[in-house]
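*Asks:* In our numbering, the protein residues as written are -15 to 182.
Following this message is one structure expressed as structure tokens.
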């Protein structure tokens, strides 16, 4: 069963992605209950993140679309998908009965460390000049993923295209491994400071 609810909310100009998340989280919990918590937030320039390499974002304030997924406790079904037009702040809430299997349950939103989308991107930009195609706050479903991540898909000819900033560690690494995990199958993280030193 799938149904839609369209909502409209207004934020002041210059609102952050966190402001948009706070507002849509309030709408979801008011409509569906306090058990629904954020599991993933993805922001990009184009609606539904249609990949257009010529329209990347130099700054995260250029994001025009956000998809946010909420789950009920630790169960991934039902789940609520919020589609936000960040230029008008219109939100469409969609309830799904199919499981959401892309991500694991988050440790915390917002991160206890105080790290934000903007602060994470600024840390990456201190190492390289790159534009971003999309940014996602998530916890990858994988035994080698040890923490929540701000994950950036970059448009760069230098270095890796996927860079993650650990929400707890603050480490800036290639791929989704940001901390050493004591499992034989898990490689050590490859972090930006190490890549630049080579």
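All residues carry an ideal CB built from backbone N, CA and C; glycine is no exception.
Bear in mind that the values here come from a model prediction, so they are computed numbers and not experimental data.
1. Kindly confirm or deny that the stretch 138 to 154 and the stretch 101 to 116 touch, where touching means at least three C-beta pairs closer than 8 Å.
2. In terms of residues, what are the limits of the beta strand (DSSP E) holding residue 31?
3. Taking the beta carbon of residue 169 as the centre, do at least 16 other beta carbons fall within 10 Å, making it buried, or is it exposed?
4. For the stretch 86 to 103 against the stretch 11 to 20, do three or more pairs of beta-carbon atoms, one drawn from each stretch, fall closer than 8 Å, so that the two count as touching?
5. Hey, how far is the Cα of residue 176 from the Cα of residue 127?
6. Taking the CB atoms as reference points, tell me whether residue 85 and residue 120 lie closer together than 9 Å.
7. Relative to the C-alpha of residue 144, which residue among 165, 58, 115 and 129 is closest?
8. When DSSP labels each residue in this structure, what does residue 162 get in the three-state scheme?
9. Within 10 angstroms of the Cβ of residue 167, are there 16 or more other Cβ atoms? Answer buried if so, exposed if not.
10. How many whole angstroms separate the CB atoms of residue 64 and residue 32, which I take to be in contact at a CB cut-off of 8 Å?
11. Let me know the secondary structure DSSP gives residue 58 once reduced to three states.
12. For the beta strand (DSSP E) holding residue 137, just list the boundary residues, first then last.
13. State yes or no: is the C-beta of residue 134 within less than 9 Å of the C-beta of residue 158?
14. Count the other CB atoms within 10 Å of the CB of residue 45; is the residue buried (16 or more) or exposed (fewer)?
15. Please state the DSSP three-state secondary structure of residue 89.
*Replies:* Straight from the coordinates:
1. yes
2. Per DSSP, residue 31 belongs to no beta strand (DSSP E) and is neither H nor E.
3. exposed
4. no
5. 22 Å
6. no
7. 115
8. coil
9. exposed
10. Not quite, the Cβ-Cβ distance comes to about 17 Å (not below 8 Å), so this is no contact.
11. coil
12. 133 to 139
13. no
14. exposed
15. coil
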